[in-house]
Amino acid sequence: DAGVIQSPRHEVTEMGQEVTLRCKPISGHNSLFWYRQTMMRGLELLIYFNNNVPIDDSGMPEDRFSAKMPNASFSTLKIQPSEPRDSAVYFCASSPKGSSYEQYFGPGTRLTVT
Amino acid sequence: AQSVTQLGSHVSVSEGALVLLRCNYSSSVPPYLFWYVQYPNQGLQLLLKYTSAATLVKGINGFEAEFKKSETSFHLTKPSAHMSDAAEYFCAVSGSYSGGGADGLTFGKGTHLIIQP
């Protein structure tokens, strides 16, 4: 199994630009999660989907953040416009149906907004 | 609401010594508990999980953890530390949402494990 795939692995952009992060979950998994990791706040849940439906987006920091899951094998996290405080590592994770809810994490996207 | 407290942001042990990383949780529902490890510039790897079966859970790389409901704890141990164990360790708690699917994880702040030669 290829594991959770995230792209790009690194992204450097200027303040005000749109950023799109991509995630391909493990095949057959029905839950997908987006997390953000910073030194100050640690690991935070942003949003998660079950069967492609958003369940809880209360962790999304602002309206500048949006996430979609158009099908079972793809999800995006978009920031528009980006700000320097959005600099972080963004992780995508997926979880199989009927499991004990363990989540499998991708390698992350390191975002730097200058 | 759920929360996780990891005591000690840094723990240093000698190679071959016992490793003990502490985790206490708070949950309004029966919890699912996890330990993850993160090596520098990598994602999180699942070490072990508690899902209401056996209270003593064995994981990968010789780690184990014991669920103690009365103490609301889920401490991680390893009898003999190895240099390759140096990493960041995260305790996490999850429940299930009303639809029966996986819920998001709530993580502790992490403990950086240092192994002294």
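As they're listed, the protein sequences go chains S and W.
If you count the first sequence from 1, you need to add 75 to reach our numbering.
If you count the second sequence from 1, you need to add 92 to reach our numbering.
We put the CB at the ideal spot given by N, CA and C, even for glycine.
- Message: Looking at the strands, I want to know which residues DSSP matches up with W/L112.
- Response: Your numbering for residue 112 of chain W matches position 20 in the second sequence. Answer by DSSP bridge pairing, in chain order: W/T169.
- Task: Go through its chain and collect everything with a Cβ distance to S/M135's Cβ below 8 Å, but skip five positions before and after it.
- Result: Taking the first sequence and counting its residues from 1, the one referred to as residue 135 of chain S is at position 60. Counting only Cβ-Cβ distances below 8 Å, and skipping sequence neighbours, we find L121, I122, S141, A142.
- Query: Are the C-beta atoms of S/L120 and some chain W residue less than 8 Å apart?
  - Reply: Against the first sequence, residue 120 of chain S aligns to sequence position 45. At least one chain W Cβ lies under 8 Å of S/L120.
- Message: Does the CB of S/Y165 have a neighbour CB from chain W at under 8 Å?
- Response: Position 90 of the first sequence holds residue 165 of chain S. No, because no Cβ of chain W sits closer than 8 Å to the Cβ of S/Y165.
- Query: S/A168: buried (16+ other C-beta within 10 angstroms of its C-beta) or exposed?
  - Reply: Against the first sequence, residue 168 of chain S aligns to sequence position 93. S/A168 comes out buried.
- Item | Buried/exposed call for S/R111, threshold 16 Cβ in 10 Å | As a first step, residue 111 of chain S is located in the first sequence; it is residue number 36 there, counting from the start. Counting Cβ neighbours within 10 Å, S/R111 comes out buried, since at least 16 surround it.
- Could you tell me whether any Cβ in chain S is nearer than 8 Å to the Cβ of W/S186? If you number the second sequence from 1, residue 186 of chain W lands on position 94. So yes, W/S186 belongs to the interface.
- Quick one: Cα of W/Y128 to Cα of W/L136, how far? One-based indexing of the second sequence puts residue 128 of chain W at position 36. One-based indexing of the second sequence puts residue 136 of chain W at position 44. Their backbone Cα atoms lie some 6 Å apart in a straight line.
- Query: Can you tell me whether S/I130 is buried or exposed, with buried defined as 16 or more other CB within 10 angstroms of its CB?
  - Reply: Translated into the one-based positions of the first sequence, residue 130 of chain S becomes position 55. It is buried - the Cβ of S/I130 has at least 16 other Cβ atoms within 10 Å.
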